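Notes follow once the structure below has been shown.
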């Protein structure tokens, strides 16, 4: 029986899958035109699955010899004296079962590392009776001198093709676009120089996420095999929370079917079960998510993610930092607004960045737990906010210094505080986007919603804007009462002026302004 794969490449004999070729059109036409091209997408988006399938189809068609070659083993080999021979070794392993494959690099002069790759590929192509196509996976693992030499030798071989044999078509595949490989050369993003193959790559492809229709199609394969149905609401929730990220789509289904339902196919998959599965994934932080979150420690990621948390109005979308964070799959552009790639990533990003604060609060004697704030079955938000004001006044100087994301520290501390409270029962929904000037939170407890806006104060204008924004967010949540938490970061301001609470009427709604 097939299953939803969450580890490694998919194959149609064992896994439910959407053919990657349906998400990437035009590649085979480029191969027919003898072109060199790039495919890039975030981790675990289906690149390797696609490449192996493409190589198999090209070989079966009979027009080419198609080689899939992973360069992952060459990762972080800086010196080309070691890196180029390592690449040749990867090619030798892949060509072992090809016609004439045992003759590849049989007498290679590895000391001539500046041209040996080009020379050996030329010699091998001379032996073949069909054109050679090479699909280099994990090409962006190469770094510094190895990357430069690799790309230059490809360029030299490409330019010499009218006079001497060389691979018919080459794909460079990885997480990053080749135009961004310069960031792999040196920390200062120095260019690879004029001898790079930037001007021979004719097209760049991005492997897109699943559409909502493709998620439904993937899940229907399971229904057809087992009879277990996915409710329409369940599919809609998966789409909303994952935005079609392939690993997440498979992980949610696997969590529901295998872990929650224990492979009981008589029960339908509902939105409630999907919600439970998503919470489990967020809490368990499997390897896919954990490895992604490790990137948050990098300065170039922080320079992009922090403005998204704060809602800052400007992010340079042409910068290497932005392109890098986007290629990682951490962010997306939606209606010209920069957001976390999906709500699940938004949640795990905040939890990761505020984790130490949450743990400190959890293991301390602070009484900040749900029973303290309950009054007649509802959360007493005014009391909760008053407690946070006291906490912030006493601890802000210490807590802010603990964060690498210092500009976003007030938001992160408050969200950790609220998470500590809501862990006693309930959920927090978050909406973050650069350019909005705030972050929206909605606490839900016993089906009651409590909308909160977090904002940095920049004069009276930002306060008025915050009131209007909070009122609009309350409309979204269907609430007549909301809270605007506004942080004053002016170091010269006195706490007596910063800490206050006042009620404001906005369009018939009540907004409680909480000064911090």
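Residue numbers (the numbering used here): 24 to 539. Every residue, glycine too, gets a C-beta built ideally from N, C-alpha and C. As the structure is a computational prediction, the values presented were derived from the model and not from experiment.
At least 3 beta-carbon pairs within less than 8 Å: the stretch 285-296 vs the stretch 304-324 | Short answer: they don't touch.
Count the CB pairs spanning the stretch 144-158 and the stretch 78-86 that are closer than 8 Å, and state whether there are at least three.
-> Contact holds between the stretch 144-158 and the stretch 78-86, because three or more Cβ pairs, one in each stretch, are under 8 Å apart.
What first and last residue would you give for the alpha helix (DSSP H) that runs through residue 158?
-> Residue 158 -> not in any alpha helix (DSSP H); beta strand (DSSP E) instead, spanning 155-160.
Out of 38, 36, 32, 69, point me to the one whose CA is closest to residue 47's CA.
-> Nearest of 38, 36, 32, 69 to residue 47, Cα basis: 69.
Taking all protein chains shown into account, do 16 or more other C-beta atoms lie within 10 angstroms of the C-beta of residue 96, making it buried, or fewer, making it exposed?
-> Within 10 angstroms of the beta-carbon of residue 96 lie fewer than 16 other beta-carbons, which makes it exposed.
Span of the beta strand (DSSP E) holding residue 505?
-> First-last of the beta strand (DSSP E) with residue 505: 504-510.
At what residues does the alpha helix (DSSP H) containing residue 468 begin and finish?
-> Taken as a continuous stretch (DSSP letters only), residue 468 belongs to no alpha helix (DSSP H), being part of the beta strand (DSSP E) at 462-468.
Exposed or buried, what is residue 45 when buried is set at 16 or more other beta-carbons lying within 10 Å of its beta-carbon?
-> Looking at its Cβ environment, which holds fewer than 16 other Cβ atoms inside 10 Å, residue 45 is exposed.
Through-space distance from residue 525 to residue 535, alpha-carbon basis = If you take the alpha carbons of residue 535 and residue 525, they lie about 6 Å apart.
Between the CA atoms of residue 449 and residue 469 - distance to the nearest angstrom | Computed Cα separation, rounded: 7 Å.
Contacts around residue 217, its chain only, beta-carbon distance under 8 Å, and the 5 residues preceding and following it disregarded = Residue confidence is low: residue 217 scores 39 on pLDDT, short of 50, so the model does not pin down where it sits. No coordinate-derived value is stated.
Give me the Cα-Cα distance between residue 93 and residue 421, rounded to the nearest whole angstrom.
-> Approximately 47 Å, taken between the alpha carbons.
Can you tell me whether DSSP reads residue 442 as helix, strand or coil?
-> In the displayed model, residue 442 falls within a helix according to three-state DSSP.
If we call anything under 8 Å between Cβ atoms a contact, is residue 457 one with residue 334?
-> Yes, they are a contact pair.
Between the CA atoms of residue 419 and residue 433 - distance to the nearest angstrom | Residue 433 and residue 419: Cα-Cα distance of roughly 8 Å.
Residue span of the beta strand (DSSP E) that contains residue 184, given as start and end | Counting along the chain, residue 184 falls outside any beta strand (DSSP E), and DSSP gives it neither H nor E.
Report the rounded CA-to-CA distance for residue 84 versus residue 55, giving the unit in angstroms.
-> Distance from the CA atom of residue 84 to the CA atom of residue 55, rounded to whole angstroms, is 12 Å.
According to DSSP, which residues form a beta bridge with residue 89?
-> Residue 89 is bridged to 156.
Just how far apart, CA to CA, sit residue 145 and residue 112?
-> If I take the Cα positions, the gap works out to 16 Å.
heavy atom of the ligand SAM below 7 Å from residue 229 C-beta = The model depicted lacks the ligand SAM and carries no ligand whatsoever.
May I have the straight-line CA-CA distance separating residue 174 from residue 63, to the nearest angstrom?
-> Spanning the two alpha carbons is a distance of roughly 16 Å.
Between the Cα of residue 473 and those of 514, 511, 408, spot the shortest distance and give me the residue it belongs to.
-> Nearest of 514, 511, 408 to residue 473, Cα basis: 408.
Name the DSSP bridge partner or partners of residue 63?
-> Partner residues in the beta bridge of residue 63, as assigned by DSSP, are 197, 229.
To which residues of the same chain is residue 320 closer than 6 Å at the C-beta, ignoring the five residues directly before and after it?
-> Sequence-distant partners of residue 320 (beyond 5 residues in either direction) whose C-beta falls short of 6 Å from its own C-beta are missing from its chain.
Just reading off the beta strand (DSSP E) that residue 474 is part of, what are its end residues?
-> From DSSP, the beta strand (DSSP E) with residue 474 extends over 471-479.
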